[in-house]
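**Student:** Residue numbers (the working numbering): 886 to 980. Before I ask anything, let me first share the structure, which is written out below as structure tokens.
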Amino acid sequence: MYRTHARVTTPLGRRVLGQLCKHFAHKIPVEHEDARGRAAFPDGECRLRADDDGLDLTCEATSETDLRRIEGIVAGHLERFLWRTPVQVIWERGA
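Put into structure tokens, the structure is as follows:
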């Protein structure tokens, strides 16, 4: 299993977590409870955790290619939802 992690600093972590989960739920299975979420992609998953200072993203996939795809999907949506306060998602492998 391939794994990556990113920490996004934003005071809007909880709100954005809810937006991401609600949006992803239109196409894939999602679990969302308060400050935690999980999006089950066909070849992997992304777990999200929000706090007062930001959002932690941990993604896992069965291949490097699938992991890069999930990273791109999650980061792209996150950057669109936070367009007023631009963020940069920097992934760390194996975290």
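Every residue gets a Cβ at the ideal spot worked out from N, C-alpha and C, and that includes glycine.
How many angstroms separate the CA atom of T943 from the CA atom of P914?
**Tutor:** Those two C-alpha atoms are separated by around 16 angstroms.
**Student:** Can you check which of these residues, A946, D919, F966 and G898, is closest to A925 by C-alpha distance?
**Tutor:** For A925, the nearest C-alpha among the options comes from A946.
**Student:** Scan the stretch 889-923 and note each continuous beta strand (DSSP E) run of 3 residues or more that stays entirely inside, going in chain order.
**Tutor:** List check, beta strand (DSSP E) in window: 915-918.
**Student:** Which residues in the same chain as G929 place their Cβ atom closer than 7 angstroms to its Cβ, once the five residues preceding and following it in sequence are excluded?
**Tutor:** Closer than 7 angstroms at Cβ, skipping near neighbours: C944, E945, A946, T947, D951, L952 and I955.
**Student:** Label T970 either buried or exposed according to how many other C-beta atoms from any shown protein chain fall within 10 Å of its C-beta, with 16 as the threshold for buried.
**Tutor:** It counts as exposed.
**Student:** Rank R934, A910 and W976 by C-alpha distance to the C-alpha of V949 and give the top, closest one.
**Tutor:** With the sequence shown as reference, residue 949 is identified as Glu, and Val is not the correct amino acid for it. Looking at the Cα atoms, W976 is the closest of the given residues.
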